[in-house]
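*Asks:*
There are 2 protein chains.
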Amino acid sequence: MSPSAPEQPTAGPVAPPGRRRGRRPAGQDTKDALLAAARTEFSAQGYQGARVRSIAAAAGVDAAMVNHWFGGKEGLFAAAMDLPINPEAVLARILDGALDQLGERIVRTFLSVWDGTGGGAFAALLRSVASHEQAATMIREFVTEVVFGRLADVVGPDRPQLRATLCGSQMVGLGMARYVIKLEPLASTDAATLAAIIGPNLQRYLTEPLP
Amino acid sequence: MSPSAPEQPTAGPVAPPGRRRGRRPAGQDTKDALLAAARTEFSAQGYQGARVRSIAAAAGVDAAMVNHWFGGKEGLFAAAMDLPINPEAVLARILDGALDQLGERIVRTFLSVWDGTGGGAFAALLRSVASHEQAATMIREFVTEVVFGRLADVVGPDRPQLRATLCGSQMVGLGMARYVIKLEPLASTDAATLAAIIGPNLQRYLTEPLP
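Here it is as structure tokens:
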């Protein structure tokens with residue numbers, strides 16, 4: 087889109103059959119090619135297994151284009167999933183604080199991100215996940231490897247992954263009820279009230295003894 | 087579909103412009119017409135406001151066809167939403183028991199219904215709700231009027247509707263995580279364990295003091 091976008095640093099001479107290599111128009115075409123390749127690679131390899139170099143190669147552009155257009159792997163993932171935020175930065179903010187308020191912090195952060203888009207971005211993400219196996223796989227791989235992996239690190243030894251996914255189930259349901267089904271009065275209850283009510287339920291899932 | 091389906095009892099002579107009246111082939115055409123009319127009426131009027139006679143008239147068939155093909159209004163709604171169960175019968179089962187085990191009963195019943203379809207029916211319902219405003223409206227009207235209305239009756243005077251919708255958010259999220267995103271280990275955890283873990287969180291939403 088930007089007229090000052092740099093061109094691809096290494097332009098190959100002729101594209102071999104079945105590979106898209108060589109000089110490409112800078113801008114939207116490059117971004118689209120990277121996003122398409124990213125969706126394929128992230129859903130096949132998972133977030134951590136995906137390699138920026140492989141995505142760039144599949145898109146026929148230099149790996150430097152990923153940093154240029156998306157600021158790196160995290161930003162590329164967020165763009166491929168149409169996320170309004172950088173998920174790793176948000177996760178770092180959630181994990182930085184007292185463990186006994188982790189549940190409330192999760193709800194507060196979640197609502198500040200998605201309420202900020204009027205809920206439309208969450209609804210779009212949900213539609214995508216519900217309709218496309220590839221999107222469901224990308225989200226599953228990402229939350230399992232990155233989000234739940236880190237949450238599990240802080241919650242102790244008793245079934246940390248199950249605790250993290252229970253927490254995830256409440257959050258995806260909150261988003262569904264608030265932004266997609268628009269169930270009242272939940273949809274219009276203020277974020278602080280919801281954080282105070284839902285936070286302790288997440289806290290129980292994460293850190294309290296479970297049957 | 088059934089060869090012994092009765093024909094429409096009252097066949098009008100000529101269909102007036104813009105109305106589909108008169109004799110129709112019994113069977114799939116009748117069912118399809120009723121389902122289409124039901125989706126329109128339920129999403130416009132809500133579950134309780136919808137009238138079986140209006141749906142039948144819009145479909146151009148006698149109201150007796152609703153009982154014949156769907157067993158009544160509840161069955162017509164379930165079929166229009168592709169639900170694997172009669173929601174009012176399930177609700178009656180959930181509400182019939184000790185109040186202090188209501189949360190666990192909700193989880194157990196929910197999982198027995200949807201696990202029974204391999205989760206595919208829930209995923210299909212979710213896709214429909216996420217993609218079609220009309221489906222989201224039907225579900226919203228139904229759960230608000232019928233499910234949450236009855237739940238609210240039993241949970242006491244403090245914000246009963248909010249409590250019911252919080253409970254709904256956990257359940258839709260459980261379905262989403264288990265059947266659509268297929269988050270492990272939640273997706274393969276046995277139903278009894280999940281009921282024991284999630285039940286108390288629902289119970290807190292429904293009957294315990296909230297901030």
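So the sequence lines, in the order shown, correspond to chains A and B.
To convert a position in the first sequence, counted from 1, into the numbering used here, add 86.
To convert a position in the second sequence, counted from 1, into the numbering used here, add 86.
C-beta atoms are modelled at their ideal positions from N, C-alpha and C, and glycine is treated no differently.
1. Shorter than 8 Å from the beta carbon of residue 204 (chain B) to some beta carbon of chain A?
2. In whole angstroms, what is the alpha-carbon distance linking residue 42 (chain A) and residue 147 (chain A)?
3. With burial defined as no fewer than 16 other Cβ atoms inside 10 Å of the residue's Cβ, what is the status of residue 114 (chain A): buried or exposed?
4. What are the complete alpha helix (DSSP H) segments, minimum 4 residues, inside the stretch 207-293 of chain A?
5. Quick check: residue 287 (chain A) and residue 290 (chain B), are their CB atoms within less than 8 Å of each other?
6. Of the residues that make up the stretch 216-227 of chain B, which ones have a beta carbon closer than 7 Å to any beta carbon in chain A?
7. Are residue 120 (chain B) and residue 152 (chain B) touching if we call contact CB-CB under 8 Å?
8. Closer than 8 Å, CB to CB, is residue 106 (chain B) near chain A or not?
9. Do we get a CB-CB distance below 8 Å when we pair residue 247 (chain A) with the residues of chain B?
10. Give a yes or no on whether the C-beta atoms belonging to residue 133 (chain B) and residue 227 (chain B) are separated by under 8 Å.
11. Taking three-plus beta-carbon pairs below 8 Å as touching, is the stretch 188-201 of chain A in contact with the stretch 257-267 of chain A?
12. Give the interface partners of residue 290 (chain B) over in chain A, defined as CB-CB distance under 7 Å, in chain order.
13. Whole angstroms are fine: how far does the CA of residue 191 (chain B) sit from the CA of residue 321 (chain B)?
14. Using only CA atoms, which one of B:125, B:257 and B:150 lies nearest to residue 69 (chain B)?
15. Going along the chain, which residues of the stretch 253-270 of chain A sit with their C-beta nearer than 9 Å to a C-beta in chain B?
16. If you draw a straight line from the C-alpha of residue 266 (chain A) to the C-alpha of residue 141 (chain B), how long is it?
17. Let me know if residue 174 (chain B) comes out buried or exposed under the rule of 16 or more other beta-carbons within 10 Å of its beta-carbon.
18. Is DSSP giving residue 204 (chain B) helix, strand or coil here?
19. Buried or exposed: which applies to residue 129 (chain B), given that a residue is buried once 16 or more other Cβ atoms fall within 10 Å of its Cβ?
20. Is residue 110 (chain B) helix, strand or coil by DSSP?
21. Given this structure, state the Cα-to-Cα distance separating residue 223 (chain B) from residue 139 (chain A), to the nearest angstrom.
22. Counting along the chain, where does the alpha helix (DSSP H) carrying residue 179 (chain A) start and finish?
23. Grab me the residues of residue 221 (chain B)'s own chain with a C-beta within less than 6 Å of its C-beta, minus the 5 sequence neighbours each way, in chain order.
24. Less than 8 Å between the beta carbons of residue 181 (chain A) and residue 229 (chain A), yes or no?
25. Enumerate in chain order the residues of its own chain whose CB-to-CB distance from residue 156 (chain A) is below 7 Å, with the five nearest sequence positions on each side excluded.
26. Is residue 371 (chain B) close to chain A? Criterion is C-beta to C-beta, closer than 8 Å.
27. So what's residue 146 (chain A) in DSSP terms, helix, strand or just coil?
28. Residues in its own chain within less than 8 Å of residue 160 (chain A) by CB, not counting five upstream and five downstream?
29. Verify whether the separation of the beta carbon atoms of residue 144 (chain A) and residue 178 (chain A) is less than 8 Å.
30. Report all residues from its chain with a CB closer than 7 Å to the CB of residue 208 (chain A); omit the five preceding and five following residues, and keep chain order.
31. Note the first and the last residue of the continuous alpha helix (DSSP H) segment covering residue 162 (chain B).
32. Assign residue 274 (chain B) to buried or exposed, taking buried as 16 or more other Cβ atoms, counted over all protein chains shown, within 10 Å of its Cβ.
33. Pull up the distance between the alpha-carbon of residue 135 (chain B) and that of residue 206 (chain B), whole angstroms please.
34. Excluding the 5 residues preceding and the 5 following residue 238 (chain A) in the sequence, name in chain order all residues of the same chain whose CB lies nearer than 6 Å to its CB.
35. Going along chain A in order, which residues have a C-beta closer than 8 Å to the C-beta of residue 162 (chain B)?
36. Where does residue 169 (chain B) fall in DSSP's three states?
*Replies:* So, to answer that:
1. no
2. Since the first residue shown for chain A is 87 and the last is 297, residue 42 (chain A) is missing from the structure and cannot be characterised.
3. exposed
4. 219-228, 234-241, 246-261 and 277-293
5. yes
6. 216, 217, 222, 225 and 226
7. yes
8. The predicted position of residue 106 (chain B) is uncertain, since its pLDDT is 49 and thus under 50; a value taken from the coordinates is nonetheless stated next. Judged by the 8 Å Cβ criterion, residue 106 (chain B) is not in contact with chain A.
9. yes
10. yes
11. yes
12. 287
13. Since the first and last residues shown for chain B are 87 and 297, residue 321 (chain B) lies out of range.
14. With chain B covering only 87 through 297, there is no way to say anything about residue 69 (chain B).
15. 254, 255, 256, 257, 258, 259, 260, 261, 262, 263, 264, 266, 267, 268, 269 and 270
16. 26 Å
17. buried
18. coil
19. buried
20. Confidence in residue 110 (chain B) is poor, its pLDDT being 49 and thus under 50, which makes the residue's placement unreliable; the coordinate value appears in the next sentence. In the structure shown, residue 110 (chain B) sits in coil (DSSP, three-state: anything other than H, G, I, E or B).
21. 45 Å
22. 173-181
23. 214 and 215
24. no
25. 162 and 165
26. The first residue shown for chain B is 87 and the last is 297, placing residue 371 (chain B) beyond what the model contains.
27. coil
28. 172, 173, 174 and 175
29. no
30. 200, 261 and 265
31. 159-166
32. exposed
33. 30 Å
34. 246, 247 and 250
35. Residues of chain A passing the Cβ test: none, with the nearest at roughly 21 Å.
36. coil
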